[in-house]
Amino acid sequence: MLRSIQLENFKAFGQRTTIPLAPITLIFGQNSAGKSSVLQSLNLLKQTRESRDVEALLLPRTENGFADLGSFQDMLFDHDLGRSISLRIDLPLK
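Written out as structure tokens, the structure reads:
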């Protein structure tokens, strides 16, 4: 189970933001607050991990993917190519 996800320069999240996750997590807030960006980041990681392209760092779109996030620039906060995306998931130690 995921304990948290950390996003930086991904869509609505400019500054590094850590979102704690629990067995039941509700995501709510104002419009354009980043609710769908949280879910899209998880889908992005899933479709990249399940891809056969072992050299790809992130796959914003695949033929049979879970999400079509457009280009790299589309995923960047403020579409600023001077930024770099950081996604991190925290898992419990076994």
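Take 414 as the starting number for the sequence shown in this note's numbering and just add one per residue. For glycine and all other residues, C-beta sits at the position ideal for the given N, C-alpha and C.
Output needed for A469: all residues of its chain with C-beta closer than 8 Å, excluding positions within five of it in sequence on either side, in chain order. T461
Judging by CA-CA distance, which residue of L439, L489, I440 and L458 is the nearest neighbour of I363? Summary: the structure shown does not reach residue 363, with the chain confined to residues 414 through 507, and so no result is reported for it.
Let me confirm a value: G447 is counted as buried when at least 16 other C-beta atoms fall within 10 Å, else exposed. Which label applies? buried
Taking the C-alpha atoms as reference points, what is the distance between F479 and R465? Going from the Cα of F479 to the Cα of R465 covers about 15 Å.
Run the CB neighbour count on K507, radius 10 Å, all protein chains shown included, and call it buried at 16 or more, exposed below. exposed
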